[in-house]
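Numbering (the working numbering), first residue to last: 1 to 228.
Input: a single structure, listed below in structure tokens.
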Amino acid sequence: MQQIQVHEHCKLKRYIWELPVRWCHWVNALSLVILAATGAFIAHPFSVAHSASDFVMGWVRFIHFTFAYIFTISVVSRIIWAFTGNRYAGWREFFPMRTVKGREKLRDMFRYYLFMTHQVPETVGHNPLAATAYFAVYCIYLAMILTGFAMYALHAPGGAMYRAMGFMYAIFSIPMLHLVHHALPWLLLGFVINHIYSAWLMDIKEHGAEISSMFSGYKFTLKREHED
Ligand code: HEM
Ligand code: HEM
């Protein structure tokens, strides 16, 4: 007990997540919940409208497309920030396999999740396993955006958006766009369940204010900046 107190005393308060990272995270999370709910309705309508003038599907689609734009702006902003923000936001964080240290930490994290050790490897920014998953998540985000806008542009064939999406029609048939756009959210759902569990687990195990760090930007770590 005393040792934990000494440990906690030695911890440093450090600014890790800059404002754009935090905003994009919560805007993406909120958009995803709304896009998934409205998307599920578009796929399986269960309208209880009394007449066509209730315009239920119209409103649901309107909300889906409004959040589609918000989500797209947020995802693109975060990608730009990966090239302009601090080191914890930077694109290199998402490829821990590049370095020997990164591969070691990745292995240690795997060992922890496989119950082979009780020791959680301390990480200051994203842990390498989470960062690798985030890269996959961003690929799925981009696939959702591209298939979504390719379907959306079909309302005005020959228009600017339709022409911009031309490469998508060359790769995918229209039913395939629907299938991909319908299937990928299941992977995102799986990620979110695991993600919330892991964030909670690390919050408890690391004593580093993991969850509140996504609101405040600050984490508590044993390491100083040059020791990361
Ligand atoms: C990750 C975020 C998103 C999720 C989880 C999501 C989910 C869904 C789902 C489940 C459907 C029903 C698909 C079907 O069964 O055919 C759907 C439809 C649709 N989504 Fe998304 N979506 C997302 C992002 C977007 C974006 C960025 C756009 C861009 C405009 C978009 C545009 C559309 C369109 C146009 C349809 C309707 C297709 C139709 O008319 O049948 N979605 N979405
Ligand atoms: C739809 C729901 C969510 C999605 C899709 C999501 C996705 C993500 C992504 C992609 C990142 C990487 C951030 C970046 O560098 O841009 C991240 C980080 C993080 N998220 Fe979420 N998130 C969601 C909900 C939540 C919730 C509810 C919590 C809190 C319980 C949370 C806690 C965190 C924390 C603490 C981090 C930074 C942790 C780290 O990797 O070191 N997230 N999340």
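Idealized CB from N, CA, C, for every residue including glycine.
On a predicted model such as this, the values are computed, not experimentally measured, just so you know.
{"Item": "For Lys11, the first and last residue of its enclosing beta strand (DSSP E)", "Value": "Looking at the DSSP string, Lys11 is not in any beta strand (DSSP E), and its letter there is neither H nor E."}
{"Item": "Rounded straight-line distance, which links the Cα of Val137 to that of His118", "Value": "27 Å"}
{"Item": "Buried/exposed call for Trp81, threshold 16 Cβ in 10 Å", "Value": "buried"}
{"Item": "For Gly190 and Ser198, the rounded distance between their alpha carbons", "Value": "12 Å"}
{"Item": "CB of Met168 within 8 Å of CB of Arg22, strictly", "Value": "no"}
{"Item": "Buried versus exposed call for Cys10 [16 or more other C-beta atoms within 10 Å across all chains shown]", "Value": "exposed"}
{"Item": "For Gly90 and Ser77, the rounded distance between their alpha carbons", "Value": "13 Å"}
{"Item": "Integer-rounded CB distance, given that Ala131 should sit under 8 Å from Val180", "Value": "Wrong, their Cβ atoms sit about 25 Å apart, outside the cutoff."}
{"Item": "Residues sharing a beta bridge with Phe220, DSSP", "Value": "Lys13"}
{"Item": "Local conformation of Tyr134 per DSSP, three classes", "Value": "helix"}
{"Item": "Arg87, DSSP secondary structure in three states", "Value": "coil"}
{"Item": "Contact check, Thr221 vs Glu122, beta carbons under 8 Å", "Value": "yes"}
{"Item": "Residues near His126 by beta carbon distance below 6 Å, same chain, minus five either side", "Value": "Glu93"}
{"Item": "The stretch 25–33 touching the stretch 159–168, judged by at least three CB pairs closer than 8 Å", "Value": "no"}
{"Item": "DSSP-derived helix/strand/coil call for Phe46", "Value": "coil"}
{"Item": "Distance cut-off 7 Å: Asn86 Cβ against heavy atoms of ligand 2", "Value": "no"}
{"Item": "Opening and closing residue of the alpha helix (DSSP H) in which Arg98 lies", "Value": "No alpha helix (DSSP H) holds Arg98; DSSP gives it neither H nor E."}
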